[in-house]
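S.K.: For the sequence shown, the numbering used here gives the first residue as 23, with consecutive numbering after it.
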Amino acid sequence: MTEVRRGSLLESLHLGHAVVCDDTGQIVRSWGDPETVIYPRSSCKMVQALPLVTSGAAGKYGLTSEHLALACASHNGAAIHTDRVGAWLDQLGKTDGDFRCGPQMPADEEACHGLIRAYETPCQVHNNCSGKHAGFLTLSAHMGAGPEYVDIDHPVQQAALNAFEETTGLSSPGYGIDGCSAPNFATTLHGLARAMAFFASARDRSDRQSRAAARLVEAMVRHPELVAGEGRACTELMRAMNGRVAIKTGAEGVFAAIVPEMKLGVALKIRDGATRASECSIAAILVRLGVLDADHPATRKYMNAPILNRRGIETGIIKPTSDLIAG
C-alpha cells in the first residue's frame, strides 16, 4: 500500500487491504483481501453515533452539528474540543466522573503544556473519545439506562451493535475493548466500506436512519476541526476537499471515507498498524477517485511526502505503491 524510500532504496514497505464500495453494497475496487476481519476502531464512530440521532436523544437535548461532529471525533484535546464537551456535560447535568473513557494527556501541544505548567493531570474530558462518550451519556439519559454505558449488555452498546450490523450488512463475529473502554465490533473490510457507502448515499433516502446518517456526515464536513484537530490528517484532508468527503481515522492503521457525490464508501487497514501508511493510502485512494487534489499542500503532507532529517535535508519520501495508484 505504502512504501518508504531513502535515496534510491526501498527501505520499508507497508502491506494492507482496502475496499471501495458502492451504494448497492458491491465492491467497485479492492486491494488485498476484502473479507479480512478487522476492528474498525475509531473509524466507525459515525456508526456508533447513529442511535444518538435515530432515538430522538439528539433532538430532545437540542444537539447541534458541533455536538454531532464531536460524537464522531477522535479529537486532540484542544480547548475548542474540551470546552465544548465540558459544556455538553453541564447541559446533561453530568460531571467528568460520569465518563467511562479514562483520562488522556491531550495531543494538542498548548493544552498539554498548559496542564504541565499548572502541575495538573488530564481529566477524562481530555480523552480523544470524550465527544463519543458524551453522546453515549446523552443516549443513556434518554433511555433512562444505568451509568455503566460501556458494558456490552447496556442498552447504549446494544443500540450501537444493531446500527453497526444494519449498516455493514453483516453479523459481527465478536468485539474487543477499545482504548476508551467501549466495545469495538469486528467486521470485514467490505462490511466497513458498505457502512460508509450507506452514509454516502443517505441523502437519497428518507427513512429515519438515513436522515440521521446524512446529519452526521454534514456535521463532520462542516466542522473538520472538531473531528480531529490542527495538524491532523482527518481535519486537513477534509478541508482540502472543501466538504465533499468525510473521512475518519482509526487506531492500528484503519481509515474510512464517505464520498456522497459518488455514493462510495472506502475502508482500509494497514497490516502493521502504521498511521503514516494509512494516511498516505487514504490520500492516494481519494486522489484516484478524483475528490482530492494530488498537489494540494495538505495532500503532499501525507502522500508523496518528503522525509526530512534533523537539519531539514530531504532524505527520502513516503509514497503510495504503484499498485495502489494504478493497479
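Don't be surprised by glycine CBs; every beta carbon is placed ideally from N, CA and C. Owing to the predicted nature of the structure, the values given are computational and were not obtained by experimental measurement.
Run the CB neighbour count on Thr76, radius 10 Å, all protein chains shown included, and call it buried at 16 or more, exposed below.
M.R.: The residue is buried, with at least 16 neighbouring Cβ atoms inside 10 Å.
S.K.: Can you name, in chain order, every residue of its own chain whose Cβ lies under 6 Å from the Cβ of Gln113, other than the five neighbours on each side?
M.R.: If we look at Gln113 and ignore the five residues flanking it on each side, it has no Cβ neighbours.
S.K.: Give me the Cα-Cα distance between His36 and Asp294, rounded to the nearest whole angstrom.
M.R.: His36 and Asp294: Cα-Cα distance of roughly 7 Å.
S.K.: Between the C-alpha atoms of His135 and Ala262, what's the straight-line distance to the nearest angstrom?
M.R.: Cα to Cα, His135 sits roughly 29 Å from Ala262.
S.K.: With 16 other CB atoms within 10 Å as the buried threshold, where does Leu378 fall?
M.R.: This structure leaves residue 378 out entirely; the chain is present only between 23 and 349.
S.K.: Taking the beta carbon of Thr86 as the centre, do at least 16 other beta carbons fall within 10 Å, making it buried, or is it exposed?
M.R.: Thr86 is exposed by the Cβ-count criterion.
S.K.: Rounded C-beta distance between Leu214 and Thr190? I'm assuming under 8 Å.
M.R.: About 6 Å separates the two Cβ atoms, so the contact holds.
S.K.: When you compare only the Cα positions, how much space is there between Lys331 and Ile280?
M.R.: Note on residue identity: the sequence assigns Asn, not Lys, to residue 331. Near 35 Å, if we compare the C-alpha coordinates of Ile280 and Asn331.
S.K.: In chain order, which continuous runs of the alpha helix (DSSP H) of length 4 or greater are located wholly inside the region 152-185?
M.R.: With a minimum length of 4 residues, the continuous alpha helix (DSSP H) runs that stay inside the region 152-185 are 152-165.
S.K.: Less than 8 Å separating the beta-carbons of Ala289 and Thr271?
M.R.: The answer is no: Cβ separation not under 8 Å.
S.K.: Using beta-carbon positions only, say whether His103 and Gly253 come within less than 8 Å of one another.
M.R.: Not in contact: His103 and Gly253 (Cβ atoms no closer than 8 Å).
S.K.: Could you pull out every residue in the same chain whose Cβ sits closer than 8 Å to the Cβ of Met260, ignoring the five residues on either side in sequence?
M.R.: For Met260, where only same-chain residues beyond five positions count, the Cβ hits under 8 Å are Met242, Val243, Pro246, Val249, Val267, Ala268 and Ile269.
S.K.: What residue does the beta strand (DSSP E) around Tyr197 start on, and which one ends it?
M.R.: Here the beta strand (DSSP E) through Tyr197 covers Tyr197 to Ile199.
S.K.: With a 10 Å radius around its C-beta and 16 neighbouring C-beta atoms as the bar for buried, classify Lys154 as buried or exposed.
M.R.: Result: buried.
S.K.: Any chance the region 173-186 sits against the region 42-54, with 3 or more Cβ pairs inside 8 Å?
M.R.: Because the criterion of three Cβ pairs below 8 Å is not met, the region 173-186 and the region 42-54 do not touch.
S.K.: For the ligand MG, is there a heavy atom less than 7 Å away from the beta-carbon of Asp173?
M.R.: As presented, the structure is devoid of all ligands, the ligand MG included, so that no description of it is given.
S.K.: Taking DSSP's pairing of strands, which residues face Leu346 in a bridge?
M.R.: Paired residue(s): none; Leu346 is not in a bridge.
S.K.: Determine the burial state of Arg28: buried for a count of at least 16 other Cβ atoms within 10 Å of its Cβ, exposed for fewer.
M.R.: So Arg28 counts as exposed.
S.K.: Looking at the unbroken beta strand (DSSP E) that takes in Arg51, where does it start and where does it end?
M.R.: Unbroken beta strand (DSSP E) run through Arg51: Ile49 to Trp53.
S.K.: Report the rounded CA-to-CA distance for Ser228 versus Ala234, giving the unit in angstroms.
M.R.: So the two alpha carbons sit approximately 10 Å from each other.
S.K.: Let me check understanding here. Comparing Cα to Cα, which of Leu72, Glu57, Val59 and Met284 lies closest to Ser232?
M.R.: Measuring from the Cα of Ser232, the nearest candidate turns out to be Leu72.
S.K.: For Gly272, report the span of its beta strand (DSSP E) as first-last.
M.R.: Where Gly272 is concerned, the enclosing beta strand (DSSP E) stretches over Ala268 to Gly272.
S.K.: To which residues of the same chain is Val59 closer than 6 Å at the C-beta, ignoring the five residues directly before and after it?
M.R.: Hits under 6 Å: Ala208 and Thr210.
S.K.: Unbroken alpha helix (DSSP H) runs of length 4 or more, entirely within the region 72-97: which are they?
M.R.: Those alpha helix (DSSP H) runs which fall completely within the region 72-97 and span 4+ residues are 72-76, 79-82 and 87-93.
S.K.: Three-state secondary structure (DSSP) at Ala40?
M.R.: DSSP places Ala40 in strand when its eight states are reduced to three.
S.K.: What would DSSP say about Phe207, mapped onto helix, strand or coil?
M.R.: Strand.
S.K.: Thinking just about the alpha-carbon of each residue, which of Ile329, Pro328 and Ile292 is nearest to the one in Leu346?
M.R.: Looking at the Cα atoms, Ile292 is the closest of the given residues.
S.K.: Leaving out the 5 sequence neighbours to the left and right, which residues in its chain are closer than 6 Å to Ala305 when beta-carbon positions are compared?
M.R.: Once the five neighbours on either side are set aside, the close Cβ partners of Ala305 are Thr321, Tyr324 and Met325.
S.K.: DSSP beta-bridge partners for Ser34?
M.R.: Looking at the DSSP assignment, Ser34 forms a beta bridge with Val26.
S.K.: Does the Cβ of Ile199 have 16 or more other Cβ atoms within 10 Å, making it buried, or fewer, making it exposed?
M.R.: Its Cβ having fewer than 16 others within 10 Å, Ile199 is exposed.
S.K.: Using the DSSP secondary-structure output, state which residues sit across from Pro328 in a beta bridge.
M.R.: DSSP lists Ile339 as partners of Pro328.
S.K.: Following the continuous beta strand (DSSP E) through Lys291, name the residue where it begins and the one where it ends.
M.R.: Leu286 to Ile292 is the span of the beta strand (DSSP E), which, as asked, contains Lys291.
S.K.: Reducing DSSP to helix, strand and coil, say where Phe121 ends up.
M.R.: Reduced to three states, the DSSP call for Phe121 is coil.
S.K.: In angstroms, rounded to a whole number, what distance separates the CA positions of Gly108 and Leu238?
M.R.: If you take the alpha carbons of Gly108 and Leu238, they lie about 21 Å apart.
S.K.: Got a sec? Which residues, its chain only, sit under 8 Å from Gly168 by beta carbon, not counting five neighbours each side?
M.R.: So the list reads Ser162 and His176, once near-sequence residues are dropped.
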